[in-house]
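Everything below concerns the one structure shown next.
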Amino acid sequence: MGYLFKEFVNAVVSGHDLKKHKIRFDNLIKMMDEYPNLFSYKLKLTNNENCFMMNWDGSKEGWGESEEADELRKKFIAFLKGFDYADIYHIQHGECEEPILINENPKKDEE
Numbered sequence: 001m002g003y004l005f006k007e008f009v010n011a012v013v014s015g016h017d018l019k020k021h022k023i024r025f026d027n028l029i030k031m032m033d034e035y036p037n038l039f040s041y042k043l044k045l046t047n048n049e050n051c052f053m054m055n056w057d058g059s060k061e062g063w064g065e066s067e068e069a070d071e072l073r074k075k076f077i078a079f080l081k082g083f084d085y086a087d088i089y090h091i092q093h094g095e096c097e098e099p100i101l102i103n104e105n106p107k108k109d110e111e
């Protein structure tokens, strides 16, 4: 049942943004820590940048695990979009395993 649809989300957020949106940041970390097989993060890298990652869940489309990961991915991206300056990279395989990169940064697009 289903096919493998590999999907990843990576983001870089400034430390200043995390301080400004502390409640959002705390809720993001709480969600990520609940699913250590899906999420990872590195805080306070060089230049006060922070990296957040969501891995592929490894299941086939239509499986319960896949559906749960799809909902978590939507929530993860929504959290990230709430920061002022988040560079969000949504990477997935399209038809015939063709890679697709979606740069999701609505606030930078407005500048």
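Per full-length UniProt numbering, residue 1 is the first one in the sequence shown, and the count goes up by one each step.
Virtual Cβ for every residue (Gly too), placed ideally from N, Cα, C.
Cβ-Cβ distances below 7 Å link S40 to M53 in the same chain, with the five nearest sequence neighbours on each side left out; the list follows chain order.
Apart from the 5 residues on each side of it in sequence, Y3 sits with its Cβ closer than 8 Å to the Cβ of K60 and E61 in its chain, given in chain order. Shown here, H16 sits in a helix according to DSSP, grouped into three states. One thing to note: V9 has its Cβ within 8 Å of the Cβ of R73. Annotated three-state conformation of L4 is strand, per DSSP.
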